[in-house]
Amino acid sequence: MKELLLLIVSVSIGAVGQVAFKYGAMQMVENPGVTLLEKIKWPIVLGLFLYGISTILWIMALKKVELSYAYPMVSIGYVFVFMASYFLFNEPISWLRVGGAVLILAGIVLVAKS
Numbered sequence: 013m014k015e016l017l018l019l020i021v022s023v024s025i026g027a028v029g030q031v032a033f034k035y036g037a038m039q040m041v042e043n044p045g046v047t048l049l050e051k052i053k054w055p056i057v058l059g060l061f062l063y064g065i066s067t068i069l070w071i072m073a074l075k076k077v078e079l080s081y082a083y084p085m086v087s088i089g090y091v092f093v094f095m096a097s098y099f100l101f102n103e104p105i106s107w108l109r110v111g112g113a114v115l116i117l118a119g120i121v122l123v124a125k126s
């Protein structure tokens, strides 16, 4: 149970990092005279930091659980980002996407019970 929580926290932090990347990308200005480093905004740096934390937690989890059990849990992040995209960025969602998210969650439950 502790291992599952570690996996979920790792994946969730990675998903928040992805949301930070999107937010930072939205703030970037298309200006040919500006270098890439000048275009990088704080949310992108935050996203990189969160990815680093997520990776450390992921490695800690992999010491304790099988990869074939752990890796499907990454799909929790897909569902989290899907919902965050809708609520934070007003991205459109379709019933097909909702159905896909439900299937992903069902798969996660099956893997978690194995």
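Plus 12 on top of the position in the sequence shown (first one is 1) and you've got the working numbering.
Glycine included, C-beta positions come from ideal geometry on N, C-alpha and C.
Does the stretch 21-38 come close enough to the stretch 64-72 that 3 or more CB-CB pairs lie under 8 angstroms?
yes
For chain C, find out if any of its Cβ atoms is closer than 7 angstroms to the Cβ of Ser87; answer yes or no.
The chain inventory of the structure shown lacks chain C, comprising one protein chain alone.
For Phe61, which option in Glu78, Ser87, Ala32 and Leu79 has the closest C-alpha, if you only look at C-alpha atoms?
When each option's Cα is compared against that of Phe61, the closest is Ala32.
Beta-carbon proximity check, Pro55 vs Gly36, cutoff 7 angstroms:
yes
Supposed contact pair Ile120 and Ile88 - C-beta distance, whole angstroms, cut 8 angstroms:
6 angstroms
If you run the structure through DSSP and keep just helix, strand and coil, what is Pro104?
coil
Return helix, strand or coil for Glu15, following the three-state DSSP convention.
If DSSP states are grouped into helix, strand and coil, Glu15 belongs with the helices.
Reducing DSSP to helix, strand and coil, say where Ser80 ends up.
helix
Can you look up Ser66 in the DSSP assignment and give me helix, strand or coil?
helix
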